[in-house]
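Data first, discussion second: the structure below is written as structure tokens.
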């Protein structure tokens, strides 16, 4: 619906640009650019702004954070100082970047961490994969393989009963070693010695 | 062909290999090139090219002249030459290199430090 | 070099300074300076003072227009603001409210 829009090389814009379609920038922009479609930054363009679009293709210079719903591609001549965040990020050899990159990687590929075999190292590492910053890969990483993990890794969300059981029975133990043990009412009624024996045996 | 720190290219020599079934706990050091397909828990420091190839899982920092990742790497990457993350690669850690490339589909979560200057309009 | 085209789906809030021609079919609010020809198309909305070599208005402009050469207000165009230009035409069907100064 939106016609081809293009900010020519000699044009300077200071302010906010919003597009409900595609946009090409060859000039100088200071402020912010938000496009619903694709955003192309030409070779000689100089952008001092945050960029947000469905897909971003950069060949020029950008000082600002870049966020895309689908993909970010930095072409060989690109120079970017800022954070990049998108499910797919391509950085061609020759592109220069300085900042934090959050590239999800393909969702069809193997999730990076399946149930780790050893426990002590996994404990500090595994919870790190859950925070909001890994938004794009949450479903790739926190897939069913982790929820199914038995005594090898903590499940992302433990059922309430298991959490209560853990509080009661494990104080010093690292969370990784304490498996999400479902609380069986029948077992609870056993004598104390049995419980202690079981804990020691683990 | 890989790029070294001087920007020159050379053919990959015969690399040492840490094969698939291996599990290494501890530091790995060496001269020359190294191809890792194993699970390594520890830092890797070599003087040549490092290949972290699927199904490798490396947990630790790596330092080499150049690095190519198509497996899993959780740790910082320090290269005097180039770092390439292929589509199957997943890296979580900070990267220092003279050149970095990331194939679309590849995963990266970390900071990149490249030494360059922005045009003066963006200062 | 190509002209700057601000298409229908684009909204710019701020200052625009171009060294070449500009075509506005979207929305520009703020300030618009064109070292060339400015065309405001039928869908275009400009709420800004305009400075250009020449201006054609087929859309809606609210702001003062200063042109070195000429301003043409086309049929369907609406202009609310003062005009300062060496030449001015107002077509049949256009709306205009403002002062005119042709003594450039």
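Protein chains in written order, with this note's numbering: chain H, 12 to 213; chain G, 14 to 136; chain C, 8 to 111. Ideal Cβ placement from N, Cα and C applies to all residues, glycine included.
Look at the beta carbons and you see the segment 95–111 of chain G not touching the segment 39–51 of chain H: under three pairs across the two are nearer than 8 Å.
Pairing residue 77 (chain C) with residue 61 (chain C) gives a Cβ-Cβ distance under 7 Å.
Ranked by Cα distance from residue 65 (chain H), the first of H:92, H:55, H:34 and H:53 is H:34. Residue 35 (chain G) and residue 46 (chain H) have their alpha carbons spaced roughly 48 Å apart. Here residue 42 (chain G) is actually not in contact with residue 28 (chain G); their C-beta atoms are around 15 Å apart, not less than 8 Å. Non-local beta-carbon contacts of residue 95 (chain H) in its own chain, meaning distances under 6 Å to residues more than five positions away in sequence, involve 77, 83 and 112 in chain order. Residues 36 and 37 of the same chain have their beta carbon placed closer than 7 Å to that of residue 20 (chain C), with the five preceding and five following residues left out of the count. Per DSSP, the beta-bridge partners of residue 78 (chain H) are H:63 and H:96. Assignment of residue 115 (chain G) by DSSP, reduced to helix, strand and coil, places it in the strand class. Residue-level contact check: residue 25 (chain C) touches chain H, since one or more beta carbons of chain H fall below 7 Å from its beta carbon. Judged by DSSP secondary structure, residue 69 (chain C) falls within the beta strand (DSSP E) whose first and last residues are 67–69. When only Cα atoms are considered, residue 31 (chain G) and residue 17 (chain C) end up about 55 Å apart.
Spatial neighbours of residue 86 (chain H) in its own chain (CB-CB distance under 6 Å, excluding positions within 5 residues in sequence) are listed in chain order as 70 and 103. Checking the DSSP bridge columns, you'll see residue 113 (chain H) partnered with H:96 and G:122. For the options C:15, C:101 and C:9, the alpha carbon positioned closest to that of residue 50 (chain C) is the one of C:15. When Cβ-Cβ separations below 7 Å define contact, residue 48 (chain C) makes no contact with chain H.
With a 10 Å radius around the Cβ and a threshold of 16 neighbouring Cβ atoms, residue 133 (chain G) comes out exposed. At a beta-carbon threshold of 8 Å, the residues of chain H lying near residue 121 (chain G) are 100, 112, 113, 114 and 116, ordered along the chain. The beta carbon of residue 70 (chain C) sits closer than 7 Å to those of 53, 54, 55, 56, 57 and 88, all from its chain and outside the five residues before and after it, given in chain order. For chain G, the residues of the segment 66–83 of chain H that bring a beta carbon within less than 7 Å of one of its beta carbons are 72, 74 and 82, in chain order.
Just so you know, the alpha carbons of residue 45 (chain C) and residue 135 (chain G) end up roughly 28 Å apart.
Boundaries for residue 133 (chain G): no beta strand (DSSP E) harbours it, and the DSSP string shows neither H nor E there. For residue 38 (chain G), the number of other beta carbons within 10 angstroms of its own is below 16, and it is reported as exposed.
Residues of the segment 22–52 of chain H whose Cβ lies closer than 8 Å to any Cβ of chain G, in chain order: 39. Contact of residue 11 (chain C) with chain H by beta-carbon distance below 8 Å involves 17, 18, 19, 22 and 38. Less than 7 Å divides the Cβ of residue 100 (chain G) from the Cβ of residue 119 (chain G). Within the segment 107–134 of chain G, the residues whose Cβ lies closer than 7 Å to some Cβ of chain H are 112, 113, 114, 115, 116, 117, 118, 119, 120, 121, 122, 123, 124, 125, 126, 127, 129, 131, 132 and 134, listed in chain order. Per DSSP, residue 103 (chain H) lies in no beta strand (DSSP E) segment and is marked neither H nor E.
Spanning the alpha carbons of residue 87 (chain G) and residue 63 (chain H) requires a straight line of approximately 28 Å. Each residue's CA atom was taken as its position, placing residue 51 (chain H) and residue 67 (chain H) some 6 Å apart. With a 10 Å radius around the Cβ and a threshold of 16 neighbouring Cβ atoms, residue 101 (chain H) comes out buried. For residue 20 (chain C), the neighbours in chain H by C-beta distance under 9 Å run, in chain order, 26, 27, 28, 29 and 42.
Of the candidates C:91, C:67 and C:75, the residue whose Cα lies closest to the Cα of residue 81 (chain C) is C:67. Against residue 58 (chain C), chain H offers no close residue; the least beta-carbon distance is about 14 Å (beta-carbon pairs closer than 7 Å).
If you look at residue 72 (chain G), you'll find it in the beta strand (DSSP E) that goes 70–72. Taking all protein chains shown into account, residue 68 (chain G) has fewer than 16 neighbouring C-beta atoms within 10 Å of its C-beta and is therefore exposed.
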